[in-house]
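Notes to accompany the following structure.
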Amino acid sequence: MRATLKAMSTEEEELLATFVASMPAEYRGAFDHEATRAHEAIVRRRHGRSTHVEIWRELEGRVVAICVVADDRPGLLSRISAALVARQIDVVSAHAYCRPREDGTVEAVDLLWIRRLPGPTGAVGPIREKDIVALGEAIDRDATEAPTEPISSPTPLASGTSARVRFETDEKDGSTILTVEAVDRPGLLLAVTQALFRADVQIVGLRATTERGSAVDRFKLADADGTPLRRERLFTLQIAILGAIDDCSFASQRRSAG
Numbered sequence: 320m321r322a323t324l325k326a327m328s329t330e331e332e333e334l335l336a337t338f339v340a341s342m343p344a345e346y347r348g349a350f351d352h353e354a355t356r357a358h359e360a361i362v363r364r365r366h367g368r369s370t371h372v373e374i375w376r377e378l379e380g381r382v383v384a385i386c387v388v389a390d391d392r393p394g395l396l397s398r399i400s401a402a403l404v405a406r407q408i409d410v411v412s413a414h415a416y417c418r419p420r421e422d423g424t425v426e427a428v429d430l431l432w433i434r435r436l437p438g439p440t441g442a443v444g445p446i447r448e449k450d451i452v453a454l455g456e457a458i459d460r461d462a463t464e465a466p467t468e469p470i471s472s473p474t475p476l477a478s479g480t481s482a483r484v485r486f487e488t489d490e491k492d493g494s495t496i497l498t499v500e501a502v503d504r505p506g507l508l509l510a511v512t513q514a515l516f517r518a519d520v521q522i523v524g525l526r527a528t529t530e531r532g533s534a535v536d537r538f539k540l541a542d543a544d545g546t547p548l549r550r551e552r553l554f555t556l557q558i559a560i561l562g563a564i565d566d567c568s569f570a571s572q573r574r575s576a577g
């Protein structure tokens, strides 16, 4: 069901204020009042479902913005990416956040701008409501299954691509910020999130953008227990990410050649 906006009641205004206050500061600085209203309404319509997906905005170029709301769990973002790749849908940009709920659980609120990959003629087909329903069912099914490692191929030790991977420390909370810059290609976000999942690293936040064929993805990371990543882990993690990007690049080239 597509999100629609109307005049707010006092109760709805209070619910919106509570929702916005529960979200990270990065979210509050990134979205306007209209967008936060749409997101909060979608979160509310989740009800008791483990995963809920809706379109909240349609843009030019057959890009649609979706909101995925789910119980936060290891590998969730990777599973969302895998469900999109399996349906020939590309991620144009993405923001991912976590927020505490009143019952003490943590809820993921992931906002993705997506577009169907071009067909053999180069035409880009529309993403319809039924596609979003099927996507939500796939994410829900995958998210409730026991985590598995989708890729078992060996990881190269160095990148043959022009990708750049760097780590920084967030001065506010000591968390690790990972920035990945690479040529945009289908499955890139999936490759990076799977590499992080296999390394038992939590994705606490994400901001992914694509401009002029280049992807810049910024991940906020933590160790499995929620603590900041140890510096000695970063080199190994960097190698794994570059290897995953290499695999993604090779697979993309094979598809183009075929």
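Heads up, the sequence shown is in my numbering, so the first residue is 320 and it goes up one at a time. Note that the Cβ used here is the ideal one computed from N, Cα and C, for glycine as well.
Listed as beta-bridge partners of Q521 by DSSP are A541.
Residue state for F338 is assigned as helix, using DSSP reduced to three classes. Rounded to whole angstroms, the gap between the alpha carbons of H366 and D390 is 12 Å. Apart from the 5 residues on each side of it in sequence, A453 sits with its Cβ closer than 8 Å to the Cβ of R406 in its chain, given in chain order. In this structure E359 is in contact with L334, their Cβ atoms being roughly 6 Å apart against a cut-off of 8 Å. Considering only V443, G444, A413, the residue with the shortest C-alpha distance to L431 is A413. Of E490, E353, F350, R392, the smallest CA-CA separation from I522 is found for R392. Under the three-state reduction of DSSP output, T424 falls in the coil class, being neither helix nor strand. With a cutoff of 7 Å on beta-carbon distance, D409 and R434 are scored as near each other. One thing to note: V428 has its Cβ within 7 Å of the Cβ of V388.
Residue range 344-349 is occupied by the alpha helix (DSSP H) that includes E345. Non-local beta-carbon contacts of A541 in its own chain, meaning distances under 8 Å to residues more than five positions away in sequence, involve S494, T495, V520, Q521, V523, P547, L548 in chain order. Here DSSP, grouped into helix, strand and coil, assigns R364 to helix. Taking C-beta atoms under 8 Å as the contact rule, V499 and V484 qualify, at a distance of about 6 Å.
By the CB criterion at 7 Å, S400 and F516 fall outside the cutoff. Bounds of the beta strand (DSSP E) holding S412 are 408-419. At the C-beta level, L497 and F538 come within 7 Å of one another. For A514 against A563, the beta-carbon gap comes to about 4 Å, under 8 Å, which counts as contact.
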